[in-house]
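Undergrad:
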Amino acid sequence: MLIPSEGLTPILLLLQVLGLSLAVYCSISILRAVVINRSGAWVTALSMVMFIVVASYNVYAFIMVLDLNRAFIHIGYASAISLAAFSLMYRTPLRLKQEDSEMLRYEDLYGKE
Numbered sequence: 024m025l026i027p028s029e030g031l032t033p034i035l036l037l038l039q040v041l042g043l044s045l046a047v048y049c050s051i052s053i054l055r056a057v058v059i060n061r062s063g064a065w066v067t068a069l070s071m072v073m074f075i076v077v078a079s080y081n082v083y084a085f086i087m088v089l090d091l092n093r094a095f096i097h098i099g100y101a102s103a104i105s106l107a108a109f110s111l112m113y114r115t116p117l118r119l120k121q122e123d124s125e126m127l128r129y130e131d132l133y134g135k136e
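Take a look at the structure:
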């Protein structure tokens, strides 16, 4: 919106490489979370797999000049986003409780007065 398409065309390869790097980094992070059995990691992994499947279908249909099944795309993306949100809602309270119990307080250093 702020930059015309002619301004982005020369750096398109850079943007694609950065996007792919981010996708690989996220995939590795989620895989590591699944391996060490972090809470909510399987839901996040399922969300990412759904996103990859729907995005791959979208690109495949575009390349092969096929009619898009819009219901599949909308339901797939909505499901992936919903699973990611559910995963965050599940993990966030656990993480906040853990951080609260590990917080260093004045009483820990100087005792109760």
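Counting in this note's numbering, the sequence shown runs from 24 upward without gaps.
Even for Gly, the Cβ is constructed at its ideal location relative to N, Cα and C.
1. Here's the rule I'm using: 16 or more other beta-carbon atoms within 10 Å means buried, otherwise exposed. How should L106 be labelled?
2. Along the chain, where does the alpha helix (DSSP H) that runs through M73 open and close?
3. Does the Cβ of A64 have 16 or more other Cβ atoms within 10 Å, making it buried, or fewer, making it exposed?
4. Does the segment 39-55 come within contact of the segment 68-84, defined as at least 3 CB pairs closer than 8 Å?
5. Would F74 and A94 be called neighbours here (beta carbons separated by less than 7 Å)?
6. Quick one: Cα of L132 to Cα of M112, how far?
7. Using the Cβ count rule (16 or more neighbours within 10 Å means buried), how would you classify V58?
TA: From the atom records:
1. buried
2. A64 to I86
3. buried
4. yes
5. no
6. 33 Å
7. exposed
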